[in-house]
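Read in the numbering used here, the sequence shown has 213 at position 213, and its numbers run on one by one without any break. Built from N, CA and C at the ideal position, the CB exists for glycine as well.
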Amino acid sequence: MLKNIFHRKYLNHSFSDWISLISNLFIPLIIGILAIVLPLQQEDLNEDHIEHSRISAFNHRLTSMESLHDQQQQIILNTYQQDLTNLIFKYNLFKNSTDKRISLIIRTKTFHTLRQLDPIRKVFLRQLLIDSGIQYRINISYTDLSSLIFPQGSFYNQLKFTNIQAENLLLKNIYLYQSNFSYSILDNSLFLDSNCSYADFSYTSLQKTDWTNTDVTQIIFNYTNLYGAKITQEQLDKVQSLQGAILPNGSTVVG
């Protein structure tokens, strides 16, 4: 009899009645779960948005600082160029090449400016000295010009680069005929696809330098340190002199 009552009470309902019952049970449960989950998801989204905003603001500030620094560097170089031009024409340096006082002023300005410039603009300054002919009048020995990148395809005929500390130079497809690099420190520099024929590297440190596809015909390597340099025996056979030089394998040329 109880079994019949159970069947009549619970099993004599239609399918739609059961769906309605289940829906009435689960909808509050789902609403309760969503009430917990959605705020957590929104909180995560807010945190991601805040973090993204912070990163964007930082990148914007960094870009602004880099732009400002670049502008300041260019202003320094432009000011030096204008001062150099004014001195050249004011004292007629093209004709008057014996005024040591003016040469000292230019040298002082040059040193002061070099200390403030980035590697790229240091190359531009060197080019200004070459183009104006001033490089032969002033001595900028012992200047640190490391990490300079020379513009590809440039011609630096008889470049004077003596007593200079300039590690990690990049010279690719550069013409350096009869240039003078003696008594300098040029370790870890790259001389690639260039013409260094008849250049003087006497007493220069060239450790771990790379001379791939570079013309070294009649180069002077007297007492030069070439330890670890990437230079072929075929290239070394073309140099003018290796007296006292330390070769890439660490051996020293005697005589």
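Please name the residue or residues paired with Q165 in a DSSP beta bridge. Bridge partners of Q165 according to DSSP: D144, I185.
Does the count of Cβ pairs from the segment 167-175 and the segment 134-141 closer than 8 Å reach three? Inter-segment contact for the segment 167-175 and the segment 134-141 is absent: fewer than three beta-carbon pairs are separated by less than 8 Å.
Let me know the secondary structure DSSP gives Y156 once reduced to three states. In the structure shown, the three-state DSSP call for Y156 is coil.
Let me check understanding here. Comparing Cα to Cα, which of L206, L129, G250 lies closest to L114? Of the candidates L206, L129, G250, the one whose C-alpha sits nearest the C-alpha of L114 is L129.
Can you look up T217 in the DSSP assignment and give me helix, strand or coil? Of the three classes helix, strand and coil, the one that applies to T217 here is coil, per DSSP.
Does DSSP classify F6 as helix, strand or coil? Residue placement at F6 cannot be trusted, given a pLDDT of 46 that sits under 50; the coordinates are not used to answer.
Cβ of T162 within 8 Å of Cβ of F181? Taking 8 Å as the cut-off, the Cβ atoms of T162 and F181 count as close.
With a threshold of 8 Å on Cβ separation, who are the neighbours of R107 within its own chain once the five nearest residues in sequence on each side are excluded? So the qualifying residues of the chain are I138, N139, I140.
V254 burial status per 10 Å Cβ neighbour count (16 or more: buried): V254 is exposed by the Cβ-count criterion.
Contacting residues, own chain, Cβ-Cβ under 7 Å from L77 (five flanking each side not counted): Once the five neighbours on either side are set aside, the close Cβ partners of L77 are L117, R121, F124, L125.
Run of the alpha helix (DSSP H) containing F124, from where it starts to where it stops: For F124, the uninterrupted alpha helix (DSSP H) segment begins and ends at 119-132.
Under the rule that 16 or more other beta-carbon atoms within 10 Å means buried, what is N92, buried or exposed? The residue is exposed, with fewer than 16 neighbouring Cβ atoms inside 10 Å.
Can you look up L236 in the DSSP assignment and give me helix, strand or coil? Taken through DSSP and simplified to helix, strand or coil, L236 comes out as helix.
I believe D193 touches T214 by the beta-carbon criterion, under 8 Å. Please report the beta-carbon distance rounded to the nearest angstrom. Right, their Cβ atoms sit about 7 Å apart.
Taking the beta carbon of L2 as the centre, do at least 16 other beta carbons fall within 10 Å, making it buried, or is it exposed? Note on L2: pLDDT 44, under 50, position unreliable in the model; the coordinate value appears next. So L2 counts as exposed.
Around the C-beta of N4, are 16 or more other C-beta atoms found within 10 angstroms, so that it is buried, or is it exposed? Residue placement at N4 cannot be trusted, given a pLDDT of 48 that sits under 50; what the coordinates show is reported in the next sentence. Per the 10 Å Cβ criterion, exposed.
Residues bridged to S179 [DSSP beta-bridge criterion]: Paired residue(s): none; S179 is not in a bridge.
Straight-line gap, K100 to T252 (C-alpha atoms, nearest Å): Going by the C-alpha atoms only, they are around 42 Å apart.
Would you tell me roughly how many angstroms separate the C-alpha atoms of N173 and Q74, rounded to the nearest one? Their backbone Cα atoms lie some 26 Å apart in a straight line.
In the DSSP assignment, the alpha helix (DSSP H) including K100 goes from what residue to what residue? In the DSSP annotation of this structure, the continuous segment of the alpha helix (DSSP H) that includes K100 starts and ends at 100-114.
Please state if the CB of I105 and the CB of L84 are separated by a distance shorter than 8 Å. Cβ atoms of L84 and I105: not closer than 8 Å.
DSSP three-state call for T252: helix, strand or coil? For T252, the three-state secondary structure derived from DSSP is strand.
By Cβ distance, which residues of its chain are closer than 7 Å to G153, with the 5 residues on each side in sequence left out? Spatial neighbours of G153 in its own chain (CB-CB distance under 7 Å, excluding positions within 5 residues in sequence) are listed in chain order as N173.
Would you mind sorting P248 into buried or exposed? The rule is 16 or more other CB atoms within 10 Å of its CB. When all chains shown are included, P248 counts as buried.
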